[in-house]
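K.L.:
Please find one structure pasted underneath; my questions will follow.
2 protein chains.
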Amino acid sequence: MEIAVTDGIDVNAKKDLQELGHSVSEKHYSNEDLIDGCISEFDIVVIRSATKMTADVIKANTANKGKLSMIIRAGVGVDNIDLSSATENSVLVCNTPSASTNAVVELTIGHLISSCRKISTGDKKMREGLWAKKELRGSELRGKNLGLLGYGRIARGVADIARSIGMKIHAYDPYVKSDQNGCVFHDSVESLFSSCTHISIHCFLSEETRHLVDYDMISLMPKIGDDGIQCGNHIVNCARGGIINEDGLYQALSSGELITASLDVFEIEPAIKSKLLQLDGFQATPHIGASTVEAQSRIGNEIVSIIRSHSNGDIPGSCLNK
Amino acid sequence: MEIAVTDGIDVNAKKDLQELGHSVSEKHYSNEDLIDGCISEFDIVVIRSATKMTADVIKANTANKGKLSMIIRAGVGVDNIDLSSATENSVLVCNTPSASTNAVVELTIGHLISSCRKISTGDKKMREGLWAKKELRGSELRGKNLGLLGYGRIARGVADIARSIGMKIHAYDPYVKSDQNGCVFHDSVESLFSSCTHISIHCFLSEETRHLVDYDMISLMPKIGDDGIQCGNHIVNCARGGIINEDGLYQALSSGELITASLDVFEIEPAIKSKLLQLDGFQATPHIGASTVEAQSRIGNEIVSIIRSHSNGDIPGSCLNK
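As structure tokens, this is what we get:
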């Protein structure tokens, strides 16, 4: 099959696909070229988040003998793919849902500890020649309530590690109401925020979740830990930009409603002009949740397995068309 | 009793001591003033690491009707106190061994994840206006071997969390040879380093451990994880400066023997002129292992309890004189 890879692929996966007899072309295209049908000669397109498969793009590459029959999202979120248009035009859409789970889990724990202990700030100050020991007093996670907004695979992985740190786990998820590990489930997002000094976001971006976390929601957080310590409020988002209203976040960090906020994802990326970057309690990484050697290797293996199923005429397990 | 506090104390502990009828004077003294006997009018001195209680200082404040009868180290390490001189001059020495354990445990895990995922670097680049997503590919901890040099309270706390992350725990400790949690014990430091892509240091500084970790030792590390992934080698030290030879560390980071190194402690502090700070894979914090609200509160409580015992004529449990 003819495979277009627009946002990169693991080198071993490319080799495996070629050994299976497929042709792999690695090239990034502009939106204009995509709307002009530049990938209509390919059977499969493999994308990450940088390529937008809108209804227009899908139509342009399937109409008039366009061959495109499959979109593979190397990663999880498919908010850059128009699923119903794909289905209408007989294009299968698959993602690699579990390959990056552990990478995001570890990054979330890293952001939580690093922000509460001011590791990035300490490193920055030292490089500026300042031994800022006294201003870097932080707070511990043990004994605090961690509120998980969304309780899917990644959230449950975060919960397991946070529990071993000694945090008490709370969650809100409209589709999950109980588990075997003593997680406290809430009936509303407001109730979750009212109970937790530490919040980590693990839901998808949708019309229901866009700007769900704003200044008013953050103001509900208790500032005093479950252990009675005045640790202030802390928030982490390694899920999707846009779930947090970044103006509200700026206001909450500036006013002390939040002591720290850590974002790996932003409403508009690249987010190098965000005014949040001027604040001390803010910590940022440039959407590197899945950026590990291990995750890229697992994603590559899943892509090979999806294409193998598709070549055999089977429907891959991660097919998202309804 | 008359209590001199030379490096700070938790505000609630000070209040508690005053309510018990003690007089508390907070003031930092120079080495010269200490050698001149400036605290000889006090019964107790409470110090952190910044005050050096050498033999000369102890003699000067106990001789000629000097009243000093107790040194309390707010924290763990007593390498700044001449223990045998204290004993000779009938000065009790106590520390607060467990109060900061969890603070150091969490910081160690934070340094481990943050360095392997380049969180500090990502934050720094974003503040410089760079969306350096592609250069920030990191590696995961799950599936890797974590080698603990020293297996005391802090190391065991780190092991518990690292195990929940999915790391396999290895250790070398001349005084501990087995545990209940499946830790792999090694007969030598060389054997430990040869087996682990990730090393965390948790021993005291002594003549045996000074510069124990040097370029040659680091060169033994395998670079390839237990899961077969080429993750490179990583080292963290939140214990004591001087255990790592910093010249050797610089050489190892520069040559690629190490991918990352994270230090909270340095041979000479404040370490703001360290040439390590010029390297990208390096991450530093200014000796903030115990710098949490929670640890300072627990240390304060322990100090009050030690002074209460001493006032009652009892020998406190954490007394270190032999």
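Protein sequence lines correspond, in order, to chains A and B.
Numbered according to numbering that gives the first Met the number 0, the first sequence spans residues 0 to 321.
Numbered according to numbering that gives the first Met the number 0, the second sequence spans residues 0 to 321.
Ideal placement from N, C-alpha and C gives every residue a C-beta, glycine not left out.
Where do the ends of the beta strand (DSSP E) carrying B:Cys-93 lie?
P.N.:
91–94
K.L.:
Which one of A:Ala-49, A:Ile-198, A:Asn-144 has the shortest CA to CA distance from A:Lys-167?
P.N.:
A:Asn-144
K.L.:
CA-CA distance, B:Asn-300 and B:Ser-48?
P.N.:
Cα to Cα, the separation comes out at about 19 Å.
K.L.:
Below 8 Å, can you find three or more Cβ-Cβ pairs linking the segment 278–292 of chain A to the segment 135–144 of chain B?
P.N.:
They touch, by the three-pair rule.
K.L.:
Provide the residue span of the beta strand (DSSP E) that contains B:Arg-307, from first to last.
P.N.:
For B:Arg-307, there is no enclosing beta strand (DSSP E); the enclosing alpha helix (DSSP H) has its first and last residue at 292–310.
K.L.:
Report all residues from its chain with a CB closer than 6 Å to the CB of A:Lys-124; omit the five preceding and five following residues, and keep chain order.
P.N.:
Contacts found: Ala-131.
K.L.:
Looking at B:Leu-147: is its Cβ nearer than 8 Å to the Cβ of B:Cys-115?
P.N.:
No, they are not a contact pair.
K.L.:
Closer than 8 Å, CB to CB, is B:Gln-335 near chain A or not?
P.N.:
As displayed, chain B neither begins before 0 nor continues past 321, which places residue 335 of chain B out of reach and without an answer.
K.L.:
Any beta carbon of chain A sitting closer than 8 Å to that of B:Val-292?
P.N.:
yes
K.L.:
Nearest CA to the CA of B:Ile-2: which residue from B:Leu-248, B:Ile-153, B:Ser-39?
P.N.:
B:Ser-39
K.L.:
Quick one: Cα of B:Gly-227 to Cα of A:Cys-195, how far?
P.N.:
39 Å
K.L.:
Hey, quick one: how far does the alpha helix (DSSP H) through A:Tyr-174 stretch, first residue to last?
P.N.:
That residue, A:Tyr-174, is in no alpha helix (DSSP H); it is neither H nor E in DSSP.
K.L.:
With DSSP as the reference, please indicate the residues paired to A:Ala-283 in a beta bridge.
P.N.:
A:Leu-262
K.L.:
Looking at A:Asp-42 and A:Lys-66, is the spacing between their C-beta atoms short of 8 Å?
P.N.:
yes
K.L.:
Taking the straight line between their C-alpha atoms, what separation do you get for B:His-112 and B:Asp-263?
P.N.:
One detail in the question is off: residue 112 of chain B reads as Ile in this sequence, not His. The straight-line gap from Cα to Cα measures roughly 14 Å.
K.L.:
Note down, in chain order, all residues in the segment 211–238 of chain B with a beta-carbon under 8 Å from any beta-carbon belonging to chain A.
P.N.:
Asp-226, Ile-228, Gln-229, Cys-230
K.L.:
Counting contacts by CB-CB distance shorter than 8 Å, is B:Asn-144 in contact with chain A?
P.N.:
no
K.L.:
Helix, strand or coil for B:Arg-116 per DSSP?
P.N.:
coil
K.L.:
Please list the residues of the segment 118–129 of chain A that have a C-beta atom closer than 8 Å to any C-beta atom in chain B, keeping them in chain order.
P.N.:
Ile-118, Ser-119, Gly-121, Asp-122, Lys-123, Lys-124, Met-125, Arg-126, Gly-128, Leu-129
K.L.:
Between the alpha carbons of A:Leu-278 and A:Ser-253, how many angstroms are there, rounded?
P.N.:
8 Å
K.L.:
Could you run through the segment 170–201 of chain B and flag, in chain order, every residue whose CB is less than 7 Å away from some CB of chain A?
P.N.:
Contact annotation: in the segment 170–201 of chain B, no residue has its CB less than 7 Å from a CB in chain A.
K.L.:
Compute the distance between the beta-carbons of A:Leu-204 and A:Val-188, then report whether it is under 8 Å.
P.N.:
Contact flag unset, no.
K.L.:
Using a Cβ-Cβ cut-off of 7 Å (strictly less than) and excluding sequence neighbours within five positions of A:Ser-99, which residues of its own chain qualify?
P.N.:
Hits under 7 Å: Gly-74, Val-75, Gly-288, Ala-289, Ala-294, Ile-298.
K.L.:
What three-state label does DSSP hand B:His-185 in the structure shown?
P.N.:
coil
K.L.:
A:Phe-177 and A:Phe-184: beta carbons closer than 8 Å?
P.N.:
Looking at the sequence provided, one finds Ser at residue 177 of chain A rather than Phe. Yes, the pair counts as a contact, with Cβ atoms nearer than the cut-off.
K.L.:
Taking 8 Å as the threshold (C-beta atoms), are B:His-233 and B:Leu-248 in contact?
P.N.:
No, these two residues do not count as a Cβ contact at 8 Å.
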